[in-house]
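In the working numbering, the protein residues as written are 183 to 524.
For each residue, glycine too, the CB sits at the ideal point set by N, CA and C.
None of these values were measured; they are calculated from a predicted model.
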Amino acid sequence: MSKPISLFADYHQPENILTNHCGLVMKLLYEESPKRFQEFLVTIAGSGTDLVVGPVFNQQSKGKNSIPDLTIVQNSFSVFFEVKRTNWFYDEQLINHIKGFNDSIQTKILFLLSNFEEDNISSQLKESVHKAKEAGVILQPLSLENFVDALENAYQNTSLYYLVEEFRSFLDRNNYLPKWKYLLDVVSSSGTLHEVNDGVYMCPNSGGAYTHQRAKYFGAYSDKAVRTIHEIRAVLVVEKGLKSVSVSWNNSGESEELLKLEALNKINQWENRIEEINAYDLQVFLLSEGFETYFYKQTSGGMLQSKKYFREIAAVLKADTAQDLALKLNKQDWGKFDYLNQ
């Protein structure tokens, strides 16, 4: 049984609480300004979406058989949201949502709202994408981060702007905002510093120790310290024998075709990598300019594993760029930040 969006909802399940809060900030925005609400919907749906909230007033508009002096017309639209705390959307549920739209509705949008850490969500739901296209439904994956960013813009210069700040804090407290943007992936790079200095890190795509979580920052470790910090532009997987190239993450938003071409060029620069790609798949990390630092390991011995994560370290240090992070970590003992590796 459906319930109205309310300030005093009695939901207890985290997903229902999240849904209620998302609905509430949109409802309040509409009550504050239908025009701002329309701009918000167009922003999250995409600029090509034909969506008008409320009636449109025109004078001397030519109709099929006459020209009324004044017309007041309101186009119909339906917007559905499927809200999940993590990306576990599945075709059966989404196809049922698509079938649930009234055929007479002019504009139909189904948002998939979640804390997406992945790219290319639509490729995971090919059947739903196909059914949506057949039914004239816009199927739009939407991260909670982009959702709250659009809200923040829509609420600018209103008396309710503080609500967006509170809503963002709620999302952050409950881990609904992406953490990869604050993650530093420190990788043992003693034997590959020449590649890192050329803007690339490569390793087998064989799972296990070579599995990497999505991260924004890459730290090149050598001789008991992180020596440079880079932003990770993208990570690609090149199949054995150069049969295919796929993008695992694209942090920079650059052209995927150009990234694929760059990854192949990087492999072909070194004889040992050419030999490796003929034997097994490779992961290729394309890196931005590196910034020198001395983020050192004070305890005895080297790295116990080939990589070490410092989660949310950029948020803790309020660093927005690799250069800023390198500066703030310079001459720091990484033992002070071991709690971020839990």
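- Looking only at C-alpha atoms, which of L223, L468 and N335 sits nearest to N432? L468
- Query: Helix, strand or coil: which one does DSSP assign to R267?
  - Reply: coil
- Under three-state DSSP, which class holds T393? coil
- Message: Taking 6 Å as the limit between beta carbons, can you name the residues of its chain near L511, skipping five residues before and five after?
- Response: T475 and F477
- Simplified DSSP assignment, three categories, for R415: strand
- Task: Would you mind sorting E367 into buried or exposed? The rule is 16 or more other CB atoms within 10 Å of its CB.
- Result: First, the amino acid is wrong: residue 367 is Asp here, not Glu. So D367 counts as buried.
- Three-state secondary structure (DSSP) of G517: G517 sits in a helix when the DSSP states are folded into three classes.
- Whether R277 touches S310 by CB criterion (8 Å): It is worth fixing the name first, because residue 277 is Ile in this sequence and not Arg. Contact: yes.
- In the DSSP assignment, find the unbroken alpha helix (DSSP H) run with S351 in it and report its ends. Note, S351: alpha helix (DSSP H), Y343 to R355.
- Query: From the DSSP output, which residues share a beta bridge with S428?
  - Reply: V419
- Thinking C-alpha only, which one of S426, E438 and P360 is nearest L464? S426
- Task: Pull up the distance between the alpha-carbon of A508 and that of T410, whole angstroms please.
- Result: 7 Å
- How do the region 229-248 and the region 362-379 stand: do at least 3 beta-carbon pairs fall below 8 Å, yes or no? Contact check between the region 229-248 and the region 362-379: fewer than three CB pairs, one atom from each, fall below 8 Å, which does not count as touching.
- Query: Is it buried or exposed for R455, if we count other Cβ within 10 angstroms and need 16 for buried?
  - Reply: buried
- Message: Going by the DSSP bridge assignment, what does T289 pair with across the sheet?
- Response: F259
- With which residues is C385 paired in a DSSP beta bridge? Q465
- Excluding the five sequence neighbours on either side, which residues of its own chain have a C-beta within less than 6 Å of the C-beta of L326, listed in chain order? N297, L353 and Y358
- Message: Tell me the residue span of the alpha helix (DSSP H) that contains Y212.
- Response: P196 to E214
- Buried or exposed for L443, please, with buried defined as at least 16 other CB atoms from any protein chain shown within 10 angstroms of its CB. So L443 ends up on the exposed side.
- Distance between beta carbons of Y403 and M485, contact taken as under 8 Å: 6 Å
- Message: Going by DSSP in three states, D367 sits in which element: helix, strand or coil?
- Response: strand
- Task: Compute the Euclidean distance between the alpha carbons of C385 and V369, then round it to the nearest angstrom.
- Result: C385 and V369: Cα-Cα distance of roughly 11 Å.
- Message: In whole angstroms, give me the CA-to-CA distance for L210 and F259.
- Response: Roughly 19 Å between the two C-alpha positions.
- Message: Beta-carbon within less than 7 Å of G517's beta-carbon, same chain only, minus the 5 sequence neighbours each way: which residues are those?
- Response: Q480 and T481
- Item | Meets three-Cβ-pair contact criterion under 8 Å: the region 321-339 and the region 286-297 | yes
- Give a yes or no on contact between the region 335-342 and the region 218-225, applying the rule of three or more CB pairs nearer than 8 Å. yes
- Item | Q195 to L342 span [Cα, whole Å] | If you draw a straight line from the Cα of Q195 to the Cα of L342, it comes to about 27 Å.
- Message: So S173 and Y491 are supposed to be a Cβ contact under 8 Å. How far apart are they, rounded?
- Response: For the chain, the structure presents residues 183 to 524; residue 173 sits outside this window and is missing.
- Query: Does the distance from the C-beta atom of A501 to that of F473 stay below 8 Å?
  - Reply: no
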